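Everything on this sheet refers to the single structure shown next.
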Amino acid sequence: MKKNRRKFSNTILANKFSQFGGRCAYCGTPLTWERKKPNSVEFDHINPISCGGADTEENLLAACHICNYEKNDFRINEFRDYIQRLYKNNIEYPKMWFKFFKQLGVIEVKPWDGVFLFEKEGFTPNTELDGRNISDKNYWERML
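What the sequence shown shows, in this note's numbering, is residues 8 to 151, in sequence order.
As structure tokens, then:
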């Protein structure tokens with residue numbers, strides 16, 4: 008059964024939107040406040056509710072649709088690993104459309120440094136989840 012989500016005030020959401028200059032906290036894409044437009048802002052729970060994250064203002068970041076969709080219910084380090092796997096797979100085993108767009112110069116492949124915009128901006132989310140520090144690499148090694 009799905010939990011009822013908290014409705015955040017427009018003031019809280021506007022503060023989250025402006026926290027990184029109206030950009031996605033993950034990739035840095037400029038966002039718009041207008042709904043149903045390309046690059047409309049969405050709000051993501053840093054620590055997913057499905058994984059025990061809190062439905063609080065401190066657990067929200069502004070995100071573009073693509074990052075919010077792809078992050079799904081991943082935790083931050085899981086999302087980072089997922090992106091790196093996608094990148095590696097597309098470089099080593101590119102799909103036809105990827106090869107085509109790369110050949111046309113539509114896609115320029117650059118290595119990703121593995122750092123999200125919110126980390127570059129010095130924002131440190133609360134990664135405590137059920138008493139476990141999910142940013143601790145030893146935690147992830149124990150979970151595997």
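Cβ atoms here follow ideal geometry from the backbone N, Cα and C, with glycine treated the same way. Values in this document were obtained by computation on a predicted structure and should not be read as measured data.
- By DSSP's assignment, aspartate 51 forms a beta bridge with Leu68.
- In the DSSP assignment, leucine 38 falls outside any alpha helix (DSSP H), carrying neither H nor E.
- Arginine 30 is bridged by DSSP to Pro37.
- Around the beta carbon of lysine 14, fewer than 16 other beta carbons lie within 10 angstroms, which makes this residue exposed.
- Annotation for lysine 23: the continuous alpha helix (DSSP H) segment containing it runs 17-25.
- Taking 9 Å as the cut-off, the Cβ atoms of glycine 121 and arginine 87 count as close.
- Cβ contact annotation for isoleucine 53 (same chain, cutoff 6 Å, sequence separation greater than five): Asn66, Leu68, Pro132, in chain order.
- Per DSSP, the continuous alpha helix (DSSP H) segment holding lysine 127 begins and ends at 124-127.
- Scanning Ala32, Ile56, Trp40 for the CA closest to the CA of aspartate 80 turns up Ile56.
- Straight through space, the alpha carbons of phenylalanine 105 and threonine 36 are spaced by roughly 21 Å.
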